[in-house]
Amino acid sequence: MLDRILTVLFVVILLGAGLVYGLTIPDRLNAAALPDPAMGDAARGETVFWAGGCASCHAPSKAEGDDKLKLGGGDPIRSDFGTFHAPNISPDPDAGIGQWSFVDFANAMKRGVSPDGKHLYPAFPYTSYVKMTDGDLNDLWAFMRTLPKVATTAPANDLAFPFNVRRGIGLWKLAFMDGPGPIIALPEDASEAQKRGRYLVEGPGHCGQCHTPRLLYGAGGLDDAHWLQGAPNPDGEGRIPNITPSEAGIGSWSASDIAYYLESGFTPDFDSVGGSMVDVQENIARLPAADREAIAAYLKVVPAAGGRPGE
Amino acid sequence: MSDMRSLTLISALTLGCATLVALPAIAQNLDAIEKRQELMKENGKAAKAGGAMAKGETEFSAEKANEVFTSMHEIAMDFGNHFPEDSKTGGKTEAAPAIWEKPDAFQAALVKYQNDTQAAIDAAPQDLASFRQQFGMVAQNCKSCHEEFRIDKD
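Taken in order, these protein sequences are the chains called A and B. The first sequence runs 0 to 310 under numbering that gives the first Met the number 0. The second sequence runs 0 to 153 under numbering that gives the first Met the number 0.
Spelled out as structure tokens, the structure:
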């Protein structure tokens, strides 16, 4: 009898393990459907680069000017799960990603999977980048190939159990990985600017990663029901503000106030941008004015709500 | 025994009262917090007046420009005096711990603001283009300081 129970238990465990293994197999893009990397436009890719904020994590801390293009890995990112170190994504063949193909790059950006088939941590915001067009990815890749090689290897992540088990990210993705579709439905007669703004904010700009609260006590994916309504500061003390057009948010700002803030770093009251947003604002200031106006147009039409979630 | 007891009681009471009186003073220096918040509010007013001119919302005047820079400079000279050790928390302060953890860097940021506002006063811009240039230089100080030394709590 005991034998039987043990056998059944063994089989159940084996099946369970097999199921988890199967469910957490990294999912890859269909390489044949991706554009030809020879068609990538590096000049256009530079705009995508600033919209994506790549330098904020992958360039040295406090980098100014051309140093923002040296992507050897940036400041440690301290979180509740441990310390993340953004890797070297310069075109160096050994320390960086010089040996990657465009397909490898696209799989990292849109699937969160490395060339050797491992899950990447969602501290790298692929849940937003999945919404980027293949054309933008191709242009971005073309631009990144032109950047200086950095020969230093970034330190490995220092995470506590169970967060250091990469396979576990497969389960996280099952629950929280976002698809390519938009988060906020716009009316049919939405302007081109609103649609462009939605793309920039929800996709490459990955604004929701900080401005939207997370599910599962902060460990899960973005809580789209509270989209851009503000969240605890992932860097530590303080809060990331509500940027919906409500009283608790920035409802009193006009679209041109928002665009001016993104260009200059000044609020309508001439308070200044601060904290980690300084870097973001300076990246967005490098985009064409029409893109800042598009972001503003979108932020005026996202659902207005909230003070602080849970309060 | 009863003497002993009352002595203990008196000691405890005295200690308790002393703690009650002393605690708020140890925990937070609300006056300093209020003073620096007031200064920053004044600074914001000057920045807004300057910003409105820079954006072309109000007409440029050399006199007004001087007022803006002078007000900012006076604030820059005084602001650093209001961050005693006992004012790290309380009173809705948004001062970041980095102010006390990296006093040299904070001091350097203050000195830069003092110098830049003085340079703008000395430059005494007489037209909108040169005002914009000076104001831009001064205004860079806001975010470079707020990047590290302010925590947004709203």
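Every residue, glycine too, gets a C-beta built ideally from N, C-alpha and C.
Buried or exposed by the 16-neighbour rule on C-beta atoms within 10 Å, applied to residue i
i: Ala42(A); result: exposed
i: Leu119(A); result: buried
i: Asp202(B); result: Since the first residue shown for chain B is 0 and the last is 153, residue 202(B) is missing from the structure and cannot be characterised.
i: Met0(A); result: exposed
i: Ile239(A); result: buried
i: Ser89(A); result: buried
i: Leu139(A); result: buried
i: Glu236(A); result: exposed
i: Gln98(A); result: exposed
i: Gly17(A); result: exposed
i: Arg3(A); result: exposed
i: Glu100(B); result: exposed
i: Asn114(B); result: exposed
i: Gly116(A); result: exposed
i: Ala21(B); result: Residue placement at Ala21(B) is flagged as unreliable, the pLDDT there being 47, under the threshold of 50; a coordinate-derived value is accordingly withheld.
i: Leu215(A); result: exposed
i: Gly196(A); result: buried
i: Phe123(A); result: buried
i: Gly64(A); result: exposed
i: Asp30(B); result: exposed
i: Arg149(B); result: buried
i: Phe160(A); result: exposed
i: Tyr125(A); result: buried
i: Val272(A); result: buried
i: Gln106(B); result: exposed
Cβ neighbours of residue i in the same chain (closer than 8 angstroms, five flanking residues each side left out)
i: Leu28(A); result: Val102, Ala105, Asn106, Lys109 and Arg110
i: Met38(A); result: Asn137
Same chain, Cβ closer than 6 angstroms to residue i, five either side skipped, listed in chain order
i: Ala24(B); result: Caution is warranted here: a pLDDT of 46 is assigned to Ala24(B), below 50, making its placement in the model unreliable, and no coordinate value can be reported.
i: Asp157(A); result: Gly81 and Thr82
i: Gly79(B); result: Leu109
i: Pro154(A); result: His84
i: Ala53(B); result: Arg131 and Phe134
i: Thr6(A); result: none
i: Gly49(B); result: Val67 and Phe134
i: Ile249(A); result: Ile242
Per-residue DSSP class, three states only, for residue i
i: Ser271(A); result: strand
i: Ala21(B); result: Because the pLDDT at Ala21(B) is just 47, under 50, the model does not fix this residue reliably, and the value given afterwards should be weighed accordingly. The answer is helix: DSSP assigns Ala21(B) an H, G or I state.
i: Leu158(A); result: strand
i: Leu221(A); result: strand
i: Lys47(B); result: helix
i: Gly116(A); result: coil
i: Ser60(B); result: coil
i: Phe123(A); result: coil
i: Ser78(A); result: strand
i: Phe82(B); result: coil
i: Ile98(B); result: helix
i: Pro231(A); result: strand
i: Gly257(A); result: Checking the displayed sequence, the identity of residue 257(A) turns out to be Ile instead of Gly. The answer is helix: DSSP assigns Ile257(A) an H, G or I state.
i: Asp103(B); result: helix
i: Ile239(A); result: strand
i: Arg166(A); result: helix
i: Arg213(A); result: strand
i: Arg144(A); result: coil
i: Arg149(B); result: strand
i: Cys141(B); result: helix
Selected residue, minimal CA-CA separation from residue i, among the options
i: Arg165(A); options: Ser89(A), Gly97(A), Val112(A) and Gly305(A); result: Val112(A)
i: Ser190(A); options: Phe9(A), Ile294(A) and Val11(A); result: Ile294(A)
i: Lys91(B); options: Thr69(B), Asp103(B) and Gln36(B); result: Gln36(B)
i: Asp35(A); options: Ala141(A), Gly97(A), Trp49(A) and Val7(A); result: Ala141(A)
i: Met131(A); options: Thr6(A), Ala153(A) and Val47(A); result: Val47(A)
i: Ser245(A); options: Pro154(A), Lys299(A) and Leu214(A); result: Lys299(A)
i: Met82(B); options: Ala48(B), Glu33(B) and Glu146(B); result: Reading the sequence as shown, one finds Phe at residue 82(B) and not Met. Comparing Cα-Cα distances from Phe82(B) to each of Ala48(B), Glu33(B) and Glu146(B), the minimum goes to Glu33(B).
i: Gly52(A); options: Pro231(A), Cys209(A), Asp270(A) and Leu221(A); result: Cys209(A)
i: Val67(B); options: Ala97(B), Ala75(B) and Ala45(B); result: Ala45(B)
i: Pro231(A); options: Gly217(A), Tyr198(A), Asp268(A) and Asp26(A); result: Gly217(A)
i: Gly305(A); options: Ser275(A), Ile24(A) and Thr243(A); result: Thr243(A)
i: His145(B); options: Gly169(A), Leu221(A) and Asp270(A); result: Asp270(A)
i: Thr145(A); options: Gly73(A), Gly219(A), Asp40(A) and Ala159(A); result: Asp40(A)
i: Val200(A); options: Pro186(A), Asp93(A), Arg213(A) and Ile182(A); result: Ile182(A)
i: Met136(B); options: Asp151(B), Glu147(B), Glu62(B) and Tyr112(B); result: Tyr112(B)
Cβ-based neighbour list, residue i, same chain, cut-off 7 angstroms, excluding 5 preceding and 5 following
i: Phe162(A); result: Phe80 and Gly81
i: Gly55(B); result: none
i: Pro267(A); result: Trp252 and Asp256
Cross-chain neighbours of residue i in chain C, by beta carbon under 9 angstroms
i: Ala46(B); result: Among the chains of the structure shown, chain C does not appear; the protein chains present are A and B.
Residue i Cβ short of 7 angstroms to the ligand SAM heavy atom set
i: His84(A); result: Inclusion of the ligand SAM in the displayed structure is not the case, the ligand content being empty and no account of it being possible.
Segment contact, 8 angstroms Cβ cut-off, at least three pairs: the segment 112-132 of chain B with the segment 253-269 of chain A: no
At least 3 beta-carbon pairs within less than 8 angstroms: the segment 280-291 of chain A vs the segment 172-190 of chain A: no
Meets three-Cβ-pair contact criterion under 8 angstroms: the segment 69-86 of chain A and the segment 40-60 of chain A: yes
Stretch pair the segment 213-230 of chain A + the segment 260-267 of chain A: three plus CB contacts closer than 8 angstroms: no
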